[in-house]
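*Asks:* Got a structure for you, questions after.
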Amino acid sequence: MTEDLRLGVWAMLGEPRTTAALEDAGFDWVLLDQQHGHFDDAAVRATFALRHERRVPVLVRPRANRADLIGRALDAGADGVIVPLVESAAEAEAAVAAASSPPRGTRSFGPLPGALQAERPFVGVMVETAAGLAALDAIAATPDLDLVFVGPFDLSQSLGTTVDDLLADDGPEAPLPRVVAACRAAGVRAGAFGATEARARRFLELGFTDVVAALDTSVLAAGGAIADRVRA
Ligand code: 3PY
Ligand code: MG
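Residue numbering for the sequence shown follows UniProt numbering, beginning at 1 and increasing consecutively.
Here it is, written out as structure tokens:
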């Protein structure tokens, strides 16, 4: 297994204090989901306001690949973004440009602490449609892109298959091995939304490095094991 493995936890609940506690839960990064989770801008800002020690990177998935949404997440203090539904090199470049201050990009300055980050934020784009897969090599080659991240639910629906069949398919021309190969060729990280332990392990076997291993809800549910141990 690669040493450069980064396991993530994906926060859906929009609960700032619960999410802040996840920074101590043993994962390498935390993501706040504004596309499908309950994080509105106020919850994102409240989560970052609780962060004094910045123990692990906290990323945001904005609702869409839009410069205004990416800029607001970064202004709130996000260490980076993972941008959904990217289908072309031009869309990937738009995401990187939105996250990067001039001269590299077009990010506008706002006089807030998050806007004063010295380093360029981490930028991932999600490949999760047949069109995105068709443009994979060009997307992965986007200058300054850090990560290509697979959304297996959208991707399997778009390809007319199931998540588990997608994960089982490991021939060289299969979608997931192609993502790993394209990322290696381009020198970007390969990530995926595993979310359950079994699927996260399978993504690691396939060569992905930045794998979501749990949701905030599943971390809470895992606490049932504590009750079981105490009862025993
Ligand atoms: C997907 O699997 O499509 C995702 O975006 C995970 O949230
Ligand atoms: Mg998706």
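Beta carbons: idealized from backbone N, C-alpha and C, even for Gly.
Only a predicted model underlies this, so the values are computations on that prediction, with no experimental measurement involved.
When DSSP builds the beta bridges, which residues end up paired with L215?
*Replies:* W10, per the DSSP bridge assignment.
*Asks:* Ends of the beta strand (DSSP E) at A192?
*Replies:* Where A192 is concerned, the enclosing beta strand (DSSP E) stretches over 189-193.
*Asks:* State buried or exposed for P62, treating a residue as buried only when at least 16 other CB atoms are found within 10 Å of its CB.
*Replies:* Looking at its Cβ environment, which holds 16 or more other Cβ atoms inside 10 Å, P62 is buried.
*Asks:* Run through DSSP, which three-state label would R120 get?
*Replies:* Coil.
*Asks:* From A111 to D165, what does the alpha carbon distance come to, in whole angstroms?
*Replies:* The sequence given here has Pro at residue 111, not Ala. Distance between the alpha carbons of P111 and D165: 48 Å.
*Asks:* Where does E205 land, buried or exposed, given buried means 16+ other C-beta within 10 angstroms?
*Replies:* By the 10 Å Cβ count, E205 comes out exposed.
*Asks:* Nearest-angstrom Cα distance between P152 and A78?
*Replies:* Taking the straight line from one Cα to the other gives about 24 Å.
*Asks:* Answer yes or no: the CB of L85 versus the heavy atoms of ligand 2, is any distance below 8 Å?
*Replies:* Because some heavy atom of ligand 2 lies under 8 Å away, the Cβ of L85 counts as near it: yes.
*Asks:* In the DSSP assignment, the beta strand (DSSP E) including F48 goes from what residue to what residue?
*Replies:* Here F48 belongs to no beta strand (DSSP E); instead the alpha helix (DSSP H) covers 41-49.
*Asks:* Return the first residue and the last residue of the beta strand (DSSP E) that F149 is part of.
*Replies:* Counting along the chain, the beta strand (DSSP E) containing F149 begins and ends at 147-150.
*Asks:* From which residue to which residue does the alpha helix (DSSP H) around G80 run?
*Replies:* First-last for G80: 80-83, but that is the beta strand (DSSP E), not the alpha helix (DSSP H).
*Asks:* Do you know how far the Cα of G71 is from the Cα of residue 237?
*Replies:* The structure shown does not extend to residue 237, since the chain is modelled only from 1 to 232, so the question has no answer here.
*Asks:* Express the C-alpha separation of A131 and A138 in angstroms, rounding to a whole number.
*Replies:* Approximately 12 Å, taken between the alpha carbons.
*Asks:* Would A11 pass as a contact of L215 if the rule is Cβ separation under 9 Å?
*Replies:* Result yes, Cβ atoms of A11 and L215 sit closer than 9 Å.
*Asks:* Quick check: the Cα distance between A222 and G171, rounded to an integer number of angstroms?
*Replies:* Between A222 and G171, the C-alpha separation is close to 34 Å.
*Asks:* If distances are taken between C-alpha atoms only, which option among A95, V9, R55 comes closest to V83?
*Replies:* Selected option, being the one with the closest Cα: A95.
*Asks:* Quick check on R231: does DSSP put it in helix, strand or coil?
*Replies:* Correct three-state label for R231: helix.
*Asks:* Whole angstroms is fine: what's the gap from F149's alpha carbon to I226's?
*Replies:* If you take the alpha carbons of F149 and I226, they lie about 33 Å apart.
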